[in-house]
Each structure stands twice: as C-alpha cells, then as structure tokens.
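Following: one structure in structure tokens, then a few remarks.
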Amino acid sequence: MRLLYDAVLPRSLSNEAPAGVELLRWDGGAVSDQELVSAAAERRCRGLILLGGGSLEQPDLRKAAEESGVALIAAATESPFEAKQRVLKHLGKIRKAAADHDCLLVLAVEVRPRSDSSV
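Under this note's numbering, the residue at position 84 of the sequence shown is numbered 1552, and the numbers go up by one with no gaps.
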C-alpha cells in the first residue's frame, strides 16, 4: 500500500515504513489539502495522511477524496512528532481500515473510521 503524507510530518516517516507500505512525503511546496488529494491520486496512493482531525470536517475535501479513490487519514494531534508515532504504531490497522473506509482518524490508542454522519 502506498500513502502520501503532508510535509508538516517528519521526513523520517518514510524511512520507518514496514515492508508492504510505501510512505511518500509531499515535497511540492505549499498547496491546499485538495491539491494534496490530487497529488496522492496522481501517485496512485491509497491514502493521504494529514495532521489534525480538522481536515476530516471539510465536506469538499472528503468529496474530492472519495471521487479520486484516496482515503483521508488524519492523525488527531497538532504535534508532527506525535502524529508520526501514532501513524507508525497503527500502520497495520490503517492498512486494514483504508481498504474498507475512505476517512480515518488516528487516535493515540486506535484507528477510528469516520462516517459522513459524524462530520
């Protein structure tokens, strides 16, 4: 599985991915979240990892992600380092959940799918 992650997350995240997961860091400069969704789709990524749960509350972003087949994965923290730790800790759960869900929230202790009704 290939995932694109926002440049605000530590670059070292790419180096710590286990076998079967490719973590690509966005390095194209400052762009909107919708442009990141497009970039993820162009790179044939299954998901886009963002910092903070607020991104999941953007209906237009969720619609763009759904239309492009890219799952939104938000680490529910404002700390880039903590987000990296959560993503790495739950990567197995993220892989499984991203196969069935288009919107995931990565918490400290779990990965929770977000439905349209919860936004």
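Positions of the beta carbon are idealized from the N, C-alpha and C atoms, including for glycine.
Since the structure is predicted, the reported quantities are computational estimates derived from the model, not experimental observations.
Cβ distance (whole Å) where residue i is taken to contact residue j below 8 angstroms
i       : j       : result
Leu1573 : Leu1524 : 6 angstroms
Proximity of residue i and residue j at Cβ, strictly below 7 angstroms
i       : j       : result
Ala1533 : Val1579 : no
Ala1544 : Gly1521 : yes
Leu1477 : Ala1551 : yes
Ala1508 : Val1538 : yes
Leu1472 : Cys1513 : yes
Glu1484 : Leu1575 : no
Cys1571 : Arg1582 : yes
Glu1490 : Arg1511 : no
Beta-carbon contacts of residue i that lie in its chain and below 7 angstroms, excluding the five residues immediately before and after
i       : result
Ser1585 : For Ser1585, the predicted model reports a pLDDT of 39, less than 50, meaning its position is unreliable; a value from the coordinates is still stated below. Cβ within range, chain order: n/a, list empty.
Asp1474 : Trp1494, Leu1504, Ile1517, Leu1518, Leu1519
Boundaries of the beta strand (DSSP E) in which residue i is found, first to last residue
i       : result
Leu1516 : 1515 to 1519
Arg1493 : 1490 to 1493
Close beta carbons around residue i, own chain, < 8 angstroms, minus the five adjacent residues each side
i       : result
Leu1561 : This sequence places Lys at residue 1561; Leu is not what is there. Excluding positions up to five away in sequence, the list reads Glu1578, Val1579.
Ser1536 : Val1505, Ser1506, Ala1508, Ala1509
Leu1559 : Ala1485, Pro1486, Val1489
7 angstroms Cβ cutoff, residue i in contact with chain D
i       : result
Val1577 : Included in the structure is just one protein chain, with no chain D present.
Exposure of residue i, with buried meaning 16 or more beta-carbon neighbours within 10 Å
i       : result
Arg1554 : buried
Gly1497 : exposed
Ala1542 : buried
Cut-off 6 angstroms between Cβ atoms - residues of its own chain near residue i, not counting five sequence neighbours on either side
i       : result
Arg1588 : The displayed coordinates of the chain run from 1469 to 1587. Any statement about residue 1588 would go beyond what the structure contains.
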